[in-house]
Amino acid sequence: MIGNARRRFDDRGAFGTRRMGEVREGGLPARVAVTYGGPSPEHDVSILTGLQAVHALERAPGVGSVRSLYWSKSGDWYEVPAATEAAAFVEGVPSNAVRLRFISGPGGGFVRPGSGLRAREDRLELDAVLNCCHGGPGEDGSLQGALDLTGLPYTGPTAVGAALGMDKLAFAALVIYAGLPALARVPLSEDSDEPGFPPPYILKPRFGGSSIGIEVVADFETARARLEANSHLRRGAVLEPYHEEMFDLQLAARSWPELQLSGIERPIRTRGGGEILGYEDKYVGAEGMTSAPRELPAKIDPALEDRIRALAREIASIVDLRGVARFDFLSDGEDVFINEVNTIPGSLSHYLWIDPGLSFTTLLVEMLAEATARPAAVFSSAGSDGSVLRIAGSIASKLG
Amino acid sequence: MTALSAVALGASVLAIVSGDLRWLRVAQREHYLPGAAVRFAWRWWVSTPLDAALGLAALACAGLSAFVPVIAIGAAAVASFAPLGLGIRGRTSGLAWTRRMSLVALLTALLQGAAIALSAVVGGLSGAVVAGAVSALLGPLFIDAALAALRPLEDVLAQRYVQQAERLLGRVRPLVVGITGSYGKTTTKNYIAYLLGGDRNVVASPRSFNNRAGLTRTVNEQLTPGTDVLIAEMGAYGPGEIAALCSWLQPEVVVITSIGPAHLERFGTLERTLEAKAEITSGARVVVLNVDDTRLAGLAKRLEGTKKVVRASGSDATADVAVLAHFEGLELKISGRASGTALVEPGSPTPIRTNAACAAAVALELGIASDVVARRLATLPSVPNRLQPYRADGGYLVLDDTFNANPAGARHALEVLGSEAPGGRRVVVTPGMVELGKSQSAENAAFAEAARRVATDVVVVGRTNRAALVKGCGAAGTGPALELVRRREEAVAWVREHLGPGDAVLFENDLPDHFP
C-alpha cells in the first residue's frame with residue numbers, strides 16, 4: 002500500500018486512470034457550499050476558518066455561487082447569509098439562520114424543508130463541499146462518510162484518512178511501521194503495564210485533535226489516577242515520553258495539483274514553562290490561527306529543514322494526503338520526530354506558505370478542483386452477480 | 034378646517050410611529066417587563082427642565098387641540114423628538130425585530146388605533162385628533178399595556194422550549210450546577226467552567242443567558258450526549274423566578290455568590306433578595322455559599338443539617354474552602370489545611386478570591402483533585418472589562434471596569450486607581466450605578482464621596498445619577514474637579530484631550546443608552 006501510494010506522486014500521468022472513478026477535466030465546481038462548526042471542541046475556530054473561506058471564495062474566479070452552511074453544536078445544519086460575521090455566532094445559532102436537514106443517501110445532501118407557501122422541501126443544488134470543520138465528527142471521518150453516501154464531492158481527507166488523522170495510536174503505529182522516526186507512543190488502560198520508557202510522560206486522549214485533556218504527568222501512578230479521574234480519557238489514552246527540551250515544528254502539505262510543502266513554523270509558547278502546546282496557546286487571538294504568535298520561517302539548521310521536508314513527503318504518502326494537512330514534529334534542534342497529523346488544520350494553514358506565498362483563494366480553488374478530480378470514495382457492488390443466492394437453497398436449512 | 038384636522042391627525046400618526054419606535058427599544062432592553070416603558074419615560078421626561086417643560090407644553094397642546102385642531106401638530110412634534118437624547122437607533126444596540134418585538138409593536142399600534150377610532154366614533158374628527166396627540170405622547174403607557182397583555186402568551190410559547198429542554202436533560206442526564214447571586218455570577222461561572230473543563234465535558238450558559246429563554250436555548254442548542262456537567266447561571270429580577278428555573282433544571286450543586294443591592298427596585302429589600310436567591314437551594318444536594326457575605330453566612334447556619342453546606346471564602350482561612358492571597362499568587366486551603374499554591378504570573382490580573390473560592394469548592398465537590406484545582410487557579414481566565422488595565426495611545430493608564438455595577442466592586446476599583454499615577458491626575462468617569470431602588474441615590478453619593486479621596490477629577494456621564502454624584506463630590510473647590518457630560522463619547526473625548534503620560538483614568542460602569 003505504501004509502495005503504491007509513493008508511485009502516485011512520482012507518476013502523475015497514470016494517476017487519474019489508475020484509480021477508480023471518473024476524472025473530470027478542467028472545470029471548477031460552480032456551486033460550492035462551505036461547511037464549518039460542528040459538535041467539536043474546535044467549533045468556534047472552525048467558524049472563523051469557514052467564514053474566511055466563504056469570503057475568499059466569493060471573490061474567486063470560476064466559482065459561481067457560495068453557500069455558507071453552519072453545523073451547530075447540537076448537530077443541526079443551518080444556512081446563513083454569506084456576509085455573516087463571527088460576532089453573529091457568539092450567542093449560538095445566528096437569528097437569521099435557515100434550518101436545513103441533511104439526508105445521507107443517493108440524491109441526498111442539504112435540504113431546505115418546506116415552509117409557508119412553499120410546501121415541498123428543496124434540495125440545495127451543489128457541485129462540491131469545502132469542509133472547514135475542525136475536530137469532532139467533521140474531521141474524524143463521520144461527516145466524510147455521510148457525504149460519501151450522498152455522492153457530493155468534498156475537499157480534504159477521505160473518511161479513512163480523516164479517521165487515521167484523529168487516532169494518535171494508529172497514526173503513530175503507521176509511522177513506526179514505515180520506519181520513520183517517531184517517539185514511542187503506547188496505549189494506556191486500566192490493565193496497562195508501565196511503559197518501556199522513563200517518566201515524565203505526556204498523557205493524551207487517544208482520539209481527537211484538540212489540546213483538551215493533554216497534560217504532563219510525573220509518573221505512572223499519576224497517569225493511572227488521571228485515567229480514572231479525567232473523563233476526556235474515557236475513550237482511550239496514550240502515553241509518550243516527555244522531553245522538556247523539545248519544541249514543536251510544523252509544516253503544511255497540499256496534494257493538488259501536485260505535492261507542495263509550505264514553510265516550517267515554530268509556534269511560540271505564550272506561557273512560561275511547559276512545552277506542551279495548549280489550546281489557549283494555539284488559538285489565542287481574534288483571527289484564529291492567523292494571529293497566533295509564531296516564528297515563521299523557523300530558525301533551524303538547513304540540514305534539519307531538509308530532513309523535515311523529506312519526512313513530510315513520506316508522511317504525505319502513507320496518509321494518502323488529500324486537501325491540505327499540517328504535520329507536527331518534535332525536535333531538539335538536531336533530531337526530529339513525527340508527532341501528529343492534522344487533516345483539516347485551522348485556517349487551512351494557508352499562512353504557512355510564505356516563499357512563494359499562496360493566496361487563500363488559490364488554495365481553496367485548487368482544493369475544490371481536487372475534490373471533483375479525485376473523488377473521495379466510490380462504491381461498487383461488482384462481484385455480486387446473484388450466483389451465491391441462486392445456489393443457496395433455503396435459509397432455514399442454513400441455520401440448521 | 035377639516036383639511037387642517039386631517040393634517041394634524043396625520044402628524045400625530047407619524048409621531049406615534051417615531052415615538053413608539055424609541056420606547057419599544059427601551060422595553061426590549063428592559064426584558065419586556067410590563068411597567069418598564071412608563072418608568073423610563075418618567076425618568077427621561079423629568080431629567081432636564083427643558084424636557085419637563087416640553088412635556089407639559091405638549092400635553093397642553095393635546096388638550097387644546099379639541100378646540101383648535103391644528104395645535105395638535107405641536108404635541109406631535111414634541112412626541113417625535115423629545116425627550117431629547119433618546120434616539121431611535123441608539124449607541125449600544127438598535128431595535129431588534131424579533132418575533133416577540135413584532136408582536137408587541139403590533140398590539141401597541143392596534144391599541145393606539147383603537148383609542149383613536151373610539152374617539153372618532155364619540156367625538157368625530159376633532160375627537161380623533163385629540164386622541165392621536167394623546168396616544169403619541171402616552172405611547173409608553175400603551176406599550177406597557179401590550180406587554181402585560183402578551184405576557185401569558187409568551188409564557189405558553191416558552192413552555193414549548195422548556196419541555197424540549199426537559200426531555201433533553203432527561204436523556205443526557207448531566208450534573209447540573211446552578212449559580213446565582215447579586216454579583217459575581219458570570220465570573221464564578223467562568224471560573225467553574227475553567228476548573229472543570231480539563232477533566233469533564235462542560236457546557237456553560239453563555240453570558241447574559243441567565244433567564245428562562247436563555248437557559249432553554251443553551252440546553253436545546255448545546256447539550257449533547259456525552260456532556261458531563263451543565264453550568265447554569267440563573268438571574269432573577271423578582272421572587273419566584275429562580276424557583277421556576279429550578280423546577281426543570283433541577284441543579285444538584287448550587288452556588289450563591291453574594292447578596293447586594295442589585296435590582297433592589299424589584300426585590301424591595303435585601304432580605305427579600307436573599308430569600309429569592311435562596312430558592313436555588315430547595316432541591317439541591319450541595320450548597321456552596323460565599324460566607325464573606327454576612328447574609329450568606331447566616332443562610333449557611335440555617336441550612337446546616339438539611340443539606341451539605343460548603344462555606345467558601347476569599348479571606349477566612351477556617352472556611353471549608355478558602356482561596357487566600359499568598360506571596361506571588363494564591364493559596365488554596367481546604368478545611369484549614371494548606372492544599373496547594375498557585376503562582377500568578379506578574380502582569381496577569383489577579384483572580385477575584387471569593388469567586389475563585391466558590392468555584393474551587395464546586396470543582397472539589399465534582400471530584401477534581403485538589404492539586405489540580407490549585408494548579409489551575411494560577412491561570413483562571415480574566416473577565417473582560419472587569420478592571421483590566423491597559424495603556425492608551427496618549428500614555429495614560431486606563432482601568433476598564435465598565436461591566437461592573439457592584440458597589441463593593443466599585444470601591445475596590447477606586448482603591449486600584451488610588452495606587453496608580455502618583456503625582457499625576459486620577460480621573461473617574463462614571464454614570465453611576467442603577468437599579469438600586471430606594472438606595473440608588475445614597476449609594477451613588479457614597480461612591481462619589483469615596484471617589485473624592487482618590488480622584489483629582491470626576492467626569493459624570495448622563496443625567497440618571499448626576500444629582501447624587503455631584504452631591505457626593507462636595508462643593509466646588511473642596512473636592513475633585515467636576516466635568517458633566519451627556520454621553521460616554523464626550524467623556525472619552527475629554528479624557529483623550531486632557532490626560533497624558535503619568536495620569537490614570539478609571540471607567541466605572543457603563544449605562545446602555547436607554548438611560549437618560
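Note that the protein sequences, when read in sequence, are chains C and P. The opening position of the first sequence corresponds to residue 2 in this note's numbering, with each subsequent residue numbered one higher. The opening position of the second sequence corresponds to residue 34 in this note's numbering, with each subsequent residue numbered one higher. Yeah, the Cβ is synthetic: ideal placement off N, Cα and C, and Gly gets one too.
Check	Outcome
Check residue 517 of chain P in the structure and name its three-state DSSP category.	strand
Name the chain P residues whose beta carbon is nearer than 8 Å to that of residue 74 of chain C?	254, 255, 257
Output yes or no for whether 8 Å exceeds the beta carbon distance between residue 15 of chain P and residue 47 of chain P.	Nothing can be reported for residue 15 of chain P: it is not among the residues displayed for chain P, which extend from 34 to 549.
Can you check whether the CB of residue 256 of chain C is closer than 8 Å to the CB of residue 371 of chain C?	yes
What does the alpha-carbon distance come out to for the pair residue 294 of chain C and residue 363 of chain C?	24 Å
So with Cβ pairs under 8 Å, would you call residue 230 of chain C a contact of chain P?	yes
Could you tell me the alpha carbon to alpha carbon distance between residue 365 of chain C and residue 376 of chain P, rounded to whole angstroms?	45 Å
If you draw a straight line from the C-alpha of residue 239 of chain P to the C-alpha of residue 472 of chain P, how long is it?	30 Å
Using the rule of at least 16 other Cβ atoms within 10 Å of the residue's Cβ for burial, across every protein chain shown, is residue 452 of chain P buried or exposed?	exposed
Give the residues of chain C in contact with residue 239 of chain P, contact being defined as C-beta atoms less than 8 Å apart.	91, 92, 93
Please report the distance separating the alpha-carbon of residue 385 of chain C from that of residue 391 of chain C.	11 Å
Determine whether the beta carbon atoms of residue 336 of chain C and residue 162 of chain C lie at a separation below 8 Å.	no
Measuring straight from C-alpha to C-alpha, what distance separates residue 280 of chain C and residue 267 of chain C?	With a pLDDT of only 37 at residue 280 of chain C, under 50, the local geometry of the prediction cannot be trusted, and no value is derived from it.
What residue ranges within the segment 110 to 137 of chain C form continuous beta strand (DSSP E) runs of no fewer than 3 residues, ordered along the chain?	110 to 113, 129 to 132
Since residue 402 of chain P meets chain C, which of its residues come closer than 8 Å, beta carbon to beta carbon?	226, 230
Since residue 161 of chain P and residue 168 of chain P are thought to touch, with beta carbons under 8 Å apart, how far apart are those beta carbons, to the nearest angstrom?	Not a contact, Cβ separation roughly 10 Å.
So residue 393 of chain P and residue 410 of chain P are supposed to be a Cβ contact under 8 Å. How far apart are they, rounded?	7 Å
Distance cutoff 8 Å, beta carbons only. Does residue 213 of chain C sit that close to anything in chain P?	yes
On a Cα-Cα basis, can you pick out the residue from P:59, P:49, P:105, P:71 that is closest to residue 38 of chain P?	P:105
Report yes or no: is there a C-beta of chain C within less than 8 Å of the C-beta of residue 433 of chain P?	no
Consult DSSP for residue 40 of chain C and reduce its assignment to one of helix, strand or coil.	coil
Where in the segment 100 to 146 of chain P do unbroken runs of the alpha helix (DSSP H), each at least 4 residues long, occur, reported from the N-terminal end onward?	105 to 114
For a contact defined as C-beta to C-beta under 7 Å, what are the partners of residue 250 of chain P on chain C?	93
Does chain C have any CB closer than 8 Å to the CB of residue 231 of chain P?	yes
How many Å lie between residue 243 of chain C and residue 200 of chain C at the Cα?	7 Å
Whose C-alpha, out of P:87, P:388, P:497, P:437, is nearest the C-alpha of residue 323 of chain P?	P:388
In terms of alpha-carbon separation, which member of C:240, C:261, C:74, C:66 lies closest to residue 38 of chain C?	C:74
Using beta carbons (cut-off 8 Å, strictly below), is residue 18 of chain C in contact with chain P?	Reliability fails at residue 18 of chain C, whose pLDDT of 28 lies under 50, so the model's placement of it is uncertain and the value that follows must be treated cautiously. Taking Cβ atoms only, chain P never reaches closer than 8 Å to residue 18 of chain C, which makes this a no.
List, in order along the chain, the chain P residues whose C-beta lies closer than 7 Å to that of residue 40 of chain C?	257
Do the segment 167 to 174 of chain C and the segment 147 to 157 of chain C make contact, defined as three or more Cβ pairs closer than 8 Å?	no
Could you please tell me which residues of the segment 35 to 61 of chain C, in chain order, have their CB closer than 8 Å to any CB of chain P?	40
For residue 189 of chain C, which three-state DSSP category applies?	strand
So residue 319 of chain C is in the alpha helix (DSSP H); what residue range does that whole segment cover?	303 to 319
Strictly by DSSP, which residues pair up with residue 343 of chain C?	C:327
Thinking C-alpha only, which one of C:119, C:84, C:68 is nearest residue 111 of chain C?	C:68
I want to verify the contact list: residues of chain C whose CB lies under 9 Å from the CB of residue 243 of chain P, in sequence order.	Residues of chain C passing the Cβ test: none, with the nearest at roughly 12 Å.
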